[in-house]
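Participant:
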Amino acid sequence: MRPEADEAWANATVTVPGMIYWTSGEAPEVSRWDPFEPSRSFLRPAPTAPRTIDSNYIADAVAAFTRTGFHGSLNYHRAIDPFTRYSAAFAGAKIRQPSMFLAGTLDGLNLVAQPSAESMRSNLTDLRSFTMLEGVGHWPQLEAPEATNAALLAFLQSL
Numbered sequence: 034m035r036p037e038a039d040e041a042w043a044n045a046t047v048t049v050p051g052m053i054y055w056t057s058g059e060a061p062e063v064s065r066w067d068p069f070e071p072s073r074s075f076l077r078p079a080p081t082a083p084r085t086i087d088s089n090y091i092a093d094a095v096a097a098f099t100r101t102g103f104h105g106s107l108n109y110h111r112a113i114d115p116f117t118r119y120s121a122a123f124a125g126a127k128i129r130q131p132s133m134f135l136a137g138t139l140d141g142l143n144l145v146a147q148p149s150a151e152s153m154r155s156n157l158t159d160l161r162s163f164t165m166l167e168g169v170g171h172w173p174q175l176e177a178p179e180a181t182n183a184a185l186l187a188f189l190q191s192l
């Protein structure tokens with residue numbers, strides 16, 4: 034994360050809706066955020082307001098980031114490399130607690146991790162639910178709240 038990123042993100046009225054739109058399932062596939070393609074970053078203005086995400090949520094996020102800035106949020110990304118190094122001690126660890134996985138089929142992170150129930154079961158030994166929501170991007174809780182809630186409730190009822 035470049036030091037000048039704070040300045041690049043500063044205008045929350047542009048950056049927040051853009052980041053949400055480009056990582057959502059609404060953005061066209063040819064221009065949706067792609068972590069491997071710099072020209073398809075999520076730091077671009079949205080061509081339109083996201084339709085599947087509550088406009089009040091976006092307004093609240095814009096207000097919060099306008100008030101506080103992005104430095105704290107960007108620090109998470111600045112710390113990715115040290116986090117990865119320090120978490121290497123847990124590579125291969127087994128999680129034996131009941132678990133679930135839920136993501137949108139159009140989430141750009143799927144290009145990185147390519148999640149599947151089969152690949153997760155070796156480390157999530159009690160994986161009870163693996164849900165991929167069709168047509169949903171990075172924000173399943175915002176883009177498909179009913180389906181997300183149903184999946185969460187089904188998992189909780191399995192406990």
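34 is the number of the first residue of the sequence shown in my numbering; add one for each residue after it.
Quick reminder that beta carbons are idealized off the backbone N, C-alpha and C, glycines included.
Kindly list the residues whose CB is nearer than 8 Å to the CB of Leu76, restricted to its own chain and excluding five residues on each side of it in sequence; keep chain order.
Facilitator: Your numbering for residue 76 matches position 43 in the sequence shown. Taken in chain order, the residues that qualify are Ala41, Trp42, Thr48, Gly51 and Met52.
Participant: Please list the terminal residues of the continuous alpha helix (DSSP H) segment that includes Leu185.
Facilitator: What you label residue 185 is simply residue 152 of the sequence shown in a count that begins at 1. For Leu185, the enclosing alpha helix (DSSP H) has its first and last residue at Pro178 to Gln190.
Participant: Is Val169 buried or exposed, if buried means 16 or more other CB atoms sit within 10 Å of its CB?
Facilitator: For this step, residue 169 is matched to residue 136 along the sequence shown. Counting Cβ neighbours within 10 Å, Val169 comes out buried, since at least 16 surround it.
Participant: Closest Cβ-Cβ distance between Tyr54 and chain C: below 8 Å?
Facilitator: No chain C is present in this structure, which holds just one protein chain.
Participant: Which value, in whole angstroms, describes the spacing of the CA atoms of Pro131 and Gly102?
Facilitator: Taking the first residue of the sequence shown as position 1, residue 131 is located at position 98. Taking the first residue of the sequence shown as position 1, residue 102 is located at position 69. Near 37 Å, if we compare the C-alpha coordinates of Gly102 and Pro131.
Participant: Pull up the distance between the alpha-carbon of Asn182 and that of Phe188, whole angstroms please.
Facilitator: Along the sequence shown, one-based indexing puts residue 182 at 149. Along the sequence shown, one-based indexing puts residue 188 at 155. C-alpha separation (whole angstroms): 10 Å.
Participant: In this structure, how does DSSP classify Gly137 when only helix, strand and coil are distinguished?
Facilitator: Within the sequence shown, numbered from 1, the residue matching residue 137 stands at position 104. DSSP places Gly137 in strand when its eight states are reduced to three.
Participant: Assuming Trp66 contacts Ser72 (C-beta within less than 8 Å), just tell me the rounded distance between them.
Facilitator: As a working mapping, residue 66 is identified with position 33 in the sequence shown. As a working mapping, residue 72 is identified with position 39 in the sequence shown. That pair is no contact at about 11 Å.
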